[in-house]
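K.L.:
Residue numbers (full-length UniProt numbering), protein chains in the order written: chain A, 1 to 362; chain B, 1 to 362.
Structure incoming, see below.
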């Protein structure tokens, strides 16, 4: 059995997917070619691409008026690509609830007026701001949130409803670290983007779902390869896409369907998160500072009250085959990322170790 | 034995590399993790990255005053990224010798004055323009060439010497489709970029080699993730890099070293190209229109004088396990791409088929 890998991303992949990828490495379906070796314009890769897109559309119930784009550069590149495509050089609003949305607000200022409508930094990014309290601009080009903050472990359990706030602007969500972990309410979303390296596949692939009416707003300085209209009109093949990564993501999509789809994953993810948070909350050694109503089901940061035990904790974890539990360098402590590919057994093994370590250091 | 795959890119990979990648898919070097699953900040991937960079630097004899960057988006993205980083919004010069340099000249016009110093379109992109005939600007920010045109099959056998032309500007080369096929004369180069999907590894990875004195010229509108200084200062990890693709490229670099390095590859590539061009030139059925002194050693476009035989030619090739020989849609005909990973035996098999088909249709 492989160790349990709690990396925040790139992150654990389903064993079944990796086995299949290894088996097909030199010969995909009798074609005589590995997927890495195929022209992106050929019929073999065309089939891989079409199936990946259709499976993802089905899994996430993406409406017909949204385009699915397979781009490159991850969330940090999208922090520029979104305002290049959507801001029209006007004002965009940002709700800052952690490291990622903060970076998004900062990068956008190169291309438009970047207005911070709310900021939870004062409480250490441990809560979300109630949407009713957001100070939105009069007519923002869009409103940006990070729907799951990977570093701070804060997640919107429900997407905000801009219309209910009297705002007609499209909502942009960075769903990098919880995409495909739960359903998406597309009626509230104009654009969603996410790096693949947490829940979808290899690093270097970015998923963008964009409502068609938002495709034609790009600034003239937007690079052609990053222009949503150009990417959409060329089925993500204006430039050569990350073909192998799309293939791996496609295998993940088929694995998700075999698991019962996104609703089944959500139920499993809620059970995993509940087990871990209850263990942390019931302990006198560990602490998670995030408010109950916005705790991430994917990324669980926690601290040892006695931080001098950190190294001993991590060493013991490694001995028990529990890997990559060290917290992000910007916040310290520990972090357990429990994405789709982390089975309940992995969280149970972590919980067992948390209890064991606590009993040894009570 | 696998078929011989003449795809222009993504393209054939060395069997040894694919075998090793398959074997390590679920567990890299006893780490308990596949490479796709590793944090890019961890020591395991740190080792993979450091070895890949060092091996590439050794193979290509990259001088110490050049940074090697592992970026994303391929050559078409670099068509914007280069002027965003180097043009200062002034004038950049382009030598247009085929489809790729033409696209580069066009994209740059978004960010600077794009001056075409020479254009060989009038002769169907079958020659290069003598550098002495180039109409360079007075003080261009840089001079761009595509040192191997993948579609048109035109290659600079020697890089132009801008200093000898009285021009102090840095030379930018797009070496996507012949990188690592021969040595690079870095004394003549300021920046080189190339998509990985021909000679280095999977699509979605871009190699950039940039002289250090060119790192600080970016326009304020350059996205952070695409800013050479930012990428260089973060060892290509400002945003999450395409980790698995870097790993595969690293395996290719080790394979290249085992083959005897770049000088050995160049000798082999020259022998492969000689065999193929001599067969085409000695035929009354096939024709290659590119001038002798600038024929690409990597991409060999050719035509059947009787184009009604095209489908029969391709069908017969597939029967003989010779794949992806159809020419680019923009120029038609055939194309054999014979990158590093194509063995001499593959070219010999193609030559045998060319002769057989010709004898049947004489």
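Each residue gets a CB set at the ideal place from its N, CA and C atoms; glycine is no exception.
Please report the residue range of the alpha helix (DSSP H) in which residue 29(B) lies.
P.N.:
Looking at the DSSP string, residue 29(B) is not in any alpha helix (DSSP H), and its letter there is neither H nor E.
K.L.:
Just curious, the beta strand (DSSP E) that residue 173(B) is in, first and last residue?
P.N.:
171-174
K.L.:
Residue 114(A) lies in the beta strand (DSSP E); which residues open and close that run?
P.N.:
113-119
K.L.:
Quick one: grab the DSSP three-state call for residue 82(A).
P.N.:
helix
K.L.:
Measuring CA to CA, which of 324(A), 350(A), 98(A) is closest to residue 273(A)?
P.N.:
350(A)
K.L.:
State yes or no: is the C-beta of residue 69(A) within less than 8 Å of the C-beta of residue 232(A)?
P.N.:
yes
K.L.:
Is there a Cβ from chain A that is less than 8 Å from the Cβ of residue 353(B)?
P.N.:
Proximity of residue 353(B) to chain A, defined by a Cβ-Cβ separation below 8 Å, is not satisfied.
K.L.:
Pick from 97(A), 234(A), 91(A), 98(A): whose alpha carbon is nearest that of residue 108(A)?
P.N.:
Scanning 97(A), 234(A), 91(A), 98(A) for the CA closest to the CA of residue 108(A) turns up 91(A).
K.L.:
Taking only the alpha-carbon atoms, compute the straight-line gap between residue 77(A) and residue 225(B) and give it to the nearest angstrom.
P.N.:
5 Å
K.L.:
For the region 181-201 of chain A, which residues have a CB atom closer than 7 Å to at least one CB atom of chain B, in sequence order?
P.N.:
195, 197
K.L.:
Given this structure, state the Cα-to-Cα distance separating residue 251(A) from residue 140(B), to the nearest angstrom.
P.N.:
48 Å
K.L.:
Ends of the beta strand (DSSP E) at residue 192(B)?
P.N.:
191-195
K.L.:
Would the beta-carbon of residue 219(B) fall within 8 Å of that of residue 84(B)?
P.N.:
yes
K.L.:
Between residue 129(A) and chain B, is the shortest Cβ-Cβ distance under 8 Å, so that the two count as touching?
P.N.:
no
K.L.:
Quick one: which unbroken alpha helix (DSSP H) runs of 4-plus residues sit fully inside the region 242-305 of chain A? Chain order, please.
P.N.:
243-258, 261-281
K.L.:
Please report how far the alpha carbon of residue 18(A) lies from the alpha carbon of residue 25(B), in whole angstroms.
P.N.:
6 Å
K.L.:
Could you tell me whether the Cβ of residue 2(B) comes closer than 8 Å to any Cβ of chain A?
P.N.:
At least one CB atom of chain A sits nearer than 8 Å to the CB of residue 2(B).
K.L.:
Is the distance from the Cβ of residue 333(A) to the Cβ of residue 303(A) below 8 Å?
P.N.:
yes
K.L.:
Just curious, the beta strand (DSSP E) that residue 145(A) is in, first and last residue?
P.N.:
143-146
K.L.:
Please report how far the alpha carbon of residue 185(B) lies from the alpha carbon of residue 161(B), in whole angstroms.
P.N.:
10 Å
K.L.:
Is it right to say residue 168(A) is buried, meaning 16 or more other beta carbons lie within 10 angstroms of its own, or is it exposed?
P.N.:
exposed
K.L.:
Measure the CB-CB distance between residue 101(A) and residue 144(A) and report whether it falls below 8 Å.
P.N.:
Their beta carbons are under 8 Å apart, which means residue 101(A) touches residue 144(A) by this criterion.
K.L.:
Give a yes or no on whether the minimum CB-CB distance between residue 244(B) and chain A is below 8 Å.
P.N.:
yes
K.L.:
According to DSSP, which residues form a beta bridge with residue 5(B)?
P.N.:
323(B)
K.L.:
Who are the near neighbours of residue 175(A) in its chain, counting only those whose CB is closer than 6 Å to its CB and skipping five residues on each side?
P.N.:
147, 192, 194.
K.L.:
By a C-beta neighbour count over all protein chains shown, 10 Å radius and 16 as the cutoff for buried, is residue 1(A) buried or exposed?
P.N.:
Here residue 1(A) is exposed: its Cβ has fewer than 16 other Cβ atoms, across all protein chains shown, within 10 Å.
K.L.:
Select from the region 80-96 of chain A all residues with a C-beta closer than 8 Å to any C-beta belonging to chain B, and list them in chain order.
P.N.:
80, 81, 84
K.L.:
Return the chain-ordered list of same chain residues with a C-beta closer than 6 Å to the C-beta of residue 9(A), the five sequence neighbours on each side being excluded.
P.N.:
197, 198
K.L.:
Does any residue of chain A bring its CB to less than 8 Å from the CB of residue 311(B)?
P.N.:
no
K.L.:
Against chain A, which members of the region 291-305 of chain B pass a CB distance test of less than 8 Å?
P.N.:
none
K.L.:
Which residues in the same chain as residue 34(A) place their Cβ atom closer than 8 Å to its Cβ, once the five residues preceding and following it in sequence are excluded?
P.N.:
24, 25, 26, 27, 28
K.L.:
Ordered along the chain, which non-local residues of its own chain (more than five positions away) have a Cβ less than 6 Å from that of residue 283(A)?
P.N.:
358
K.L.:
So, does the CB of residue 29(B) fall closer than 8 Å to a CB anywhere in chain A?
P.N.:
no
K.L.:
Checking 8 Å against the spacing of the C-beta atoms, do residue 324(B) and residue 42(A) come in under that value?
P.N.:
Residue 324(B) is a Cβ neighbour of residue 42(A), given a cutoff of 8 Å.
K.L.:
Have a look at the DSSP bridge pairing and note the partners of residue 206(B).
P.N.:
71(B), 195(B)
K.L.:
Where does residue 92(A) sit, in a helix, a strand or coil, going by DSSP?
P.N.:
strand
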